[in-house]
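Following my numbering, the numbering of the sequence shown begins with 62 at its first residue and continues without gaps. In this text, a Cβ means the ideal position worked out from N, Cα and C, and glycines have one as well. First up is the structure itself, then whatever we jot down about it.
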Amino acid sequence: MGAKGLLILKLLMFQGLFISHSQYADFDFFYLVLQWPGAYCDTNRSCCYPTSGKPAADFGIHGLWPYYVDGLYPSHCSPDSKFNQSQISDLVSSLKTKWPTLSCPSNEGFKLWEQEWKEHGTCSESVMNQHDYFEKTLKLRDRVNLLQILTNSGIKPDDGFYDLQSIKDAIKQEIGFTPGIECNKDPELNNQLHRIYLCVDTSGTEFIGCPALPKERCSSILQFSKF
């Protein structure tokens, strides 16, 4: 590049007009949302196991959601981008294990995956296609074993009650970043550990410190329900 080209590049960078590839995304980061099935089923809502049977007692994927730093998020960004089962045929076995449906009536899971693609995945099409979206989410799930992390810290799904800060600290110690925690209430109105939010860069490959955390609405002591 000649002197004139370098000068133009510097001017563009100064004006904020030259951006890296990762900044082309129409959002600021992802939430990888992992869900404890016991808490989902232990509410007043109905819970049905997939047609493949009861999922493992482990954190399953709820979704990979694009977000903005101000707490807002894009959704249903491309109605013309239809969910295509054939594009994820090689991933279905892993999806059934790690991204299981618990909605009723009992089904294979395609309704859940279609919903996640339509609402959230289509908003990430600037950086990944449908197959990439599901494959990258599965790979992120494989990189963090939340159940093992918590169990190693003495926090077990035994219907016992545990300190919210201890849950956060155990996860931060392992992955290096503070997670977001979402709670729900069971029929007895106990606060339960329901979902854990981990932040991911716009490429969908690396965990990062959360630019923003979801509102927790949790008590300081949570129940970790059985499943």
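Beta carbon of residue i nearer than 9 Å to that of residue j
i       : j       : result
Pro-275 : Ser-185 : no
Glu-180 : His-123 : no
Pro-98  : Ala-118 : yes
Ile-282 : Asn-252 : yes
Thr-183 : Pro-116 : no
Tyr-258 : Val-130 : no
Leu-125 : Lys-217 : no
Asp-120 : Arg-204 : This sequence places Phe at residue 120; Asp is not what is there. Result no, Cβ atoms of Phe-120 and Arg-204 do not sit closer than 9 Å.
Thr-239 : Cys-279 : no
Arg-256 : Gln-96  : yes
Burial state of residue i, where buried means 16 or more other Cβ atoms lie within 10 Å
i       : result
Pro-140 : exposed
Asn-145 : exposed
Glu-249 : exposed
Gln-284 : buried
Glu-243 : buried
Ser-187 : exposed
Gln-191 : buried
Tyr-85  : For Tyr-85, the predicted structure reports a pLDDT of 47, less than 50, and the residue's modelled location is therefore unreliable. The matter cannot be settled from this model.
Where the alpha helix (DSSP H) containing residue i begins and where it ends
i       : result
Gln-284 : No alpha helix (DSSP H) contains Gln-284, which is instead part of the beta strand (DSSP E) from 282-285.
Lys-143 : No alpha helix (DSSP H) holds Lys-143; DSSP gives it neither H nor E.
Asn-213 : 207-213
Extent of the continuous beta strand (DSSP E) run through residue i
i       : result
Pro-127 : 121-128
Val-94  : 90-96
Bridge-paired residues (DSSP) for residue i
i       : result
Lys-246 : Asn-252
Tyr-223 : Leu-283
Leu-259 : Leu-93
For the region 101-110 and the region 163-176, state whether three or more C-beta atom pairs, one from each stretch, are separated by less than 8 Å.
yes
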